[in-house]
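Asker: Questions regarding the structure given below will be posed in turn.
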Ligand SMILES: NC(=O)c1ccc[n+]([C@@H]2O[C@H](COP(=O)([O-])OP(=O)(O)OC[C@H]3O[C@@H](n4cnc5c(N)ncnc54)[C@H](O)[C@@H]3O)[C@@H](O)[C@H]2O)c1
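Residue numbers (our numbering): 2 to 250.
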């Protein structure tokens, strides 16, 4: 539920999916609930899994977060043979000291260990990432769509001795590169006036310009309703080769 990762529950529900995440830091969960990015928090690991799968089966686009360690949640999912359709991770695994929290200890104890004994903390974090990625690989074997979300967790797991850590791909190679190959990419604009109404006007103009692009229309409608503006009002959308030029003019 961090800076970038905190957008995932909203992204999932906007796409019509049910979302189950894990976060060790309660303050981060509270923030995302207040912002409307996350629907629910659950303290008990089995209750979180049961609820998420129930929502999925009922086709409810809701997001919930287990308050605890992601490595523990993934292991428990496997123990119960409950395999999600899509699995990824967006902890700050690239920084084993300040970004990733090891399991087998409370969050508060982990923070103290980080201060007191950084060397041991690093060791525990790398060990946990090994477990974390091993579970992701196991879920992949069991039919889940598994990918790395740009946080270097596969390389960290390799350090922990998980030799096949790179058996699942990164999201850029798997999903973004094919779009870039056909010239499709992100296109952003900002209302320098500071007036959110100006973004509404541009949303309408884009919809008029591309009447056949139903995915784009859906995104713009949902973005207006569900994404709070931060700083200057702005918008992003993905447009294809030639489309960006038309939108810009
Ligand atoms: N894919 C992309 O486009 C993209 C973009 C930006 C950032 N990233 C990468 O994604 C990662 C996350 O970015 P961020 O901005 O959300 O970072 P962040 O540090 O703000 O958030 C990470 C969250 O993970 C939690 N966490 C850490 N270890 C955990 C564990 N074992 N179990 C449960 N929760 C744990 C932390 O408490 C924190 O809230 C970074 O490595 C970043 O480089 C990827």
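Cβ coordinates follow ideal geometry from the N, Cα and C atoms, glycine included.
1) Closest to residue 230 by C-alpha separation, out of 133, 192, 243 and 211, would be which residue?
2) Would the region 39 to 57 count as touching the region 97 to 106 if we require 3 or more Cβ pairs under 8 Å?
3) Less than 8 Å between the C-beta atoms of residue 186 and residue 172, yes or no?
4) To which residues of the same chain is residue 91 closer than 7 Å at the C-beta, ignoring the five residues directly before and after it?
5) Assign residue 111 to buried or exposed, taking buried as 16 or more other Cβ atoms, counted over all protein chains shown, within 10 Å of its Cβ.
6) Just to confirm my understanding: we take residue 162, look at its own chain, exclude 5 residues before and 5 after, and list those with CB closer than 8 Å. What are they?
7) Please tell me whether, using a cut-off of 7 Å, the distance from the CB of residue 68 to the nearest non-hydrogen atom of ligand 1 is below it.
8) Shortest alpha-carbon distance to residue 70 belongs to which of 15, 103 and 39?
9) Residue range of the alpha helix (DSSP H) that residue 98 falls in?
10) Under 6 Å Cβ to Cβ from residue 114, same chain only, skipping five residues before and after it: list those, please.
11) Taking all protein chains shown into account, decide if residue 181 is buried (16 or more other Cβ within 10 angstroms of its Cβ) or exposed.
12) DSSP beta-bridge partners for residue 239?
13) Using only alpha-carbon positions, find the residue among 88, 160 and 241 that is nearest to residue 23.
Answerer: Let me lay it out:
1) 192
2) no
3) no
4) 5, 6, 9, 150 and 152
5) Per the 10 Å Cβ criterion, buried.
6) Contacts found: 131.
7) no
8) Residue 70 has its Cα closest to that of 103, out of 15, 103 and 39.
9) Looking at the DSSP string, residue 98 is not in any alpha helix (DSSP H), and its letter there is neither H nor E.
10) 122
11) exposed
12) 187
13) When each option's Cα is compared against that of residue 23, the closest is 88.
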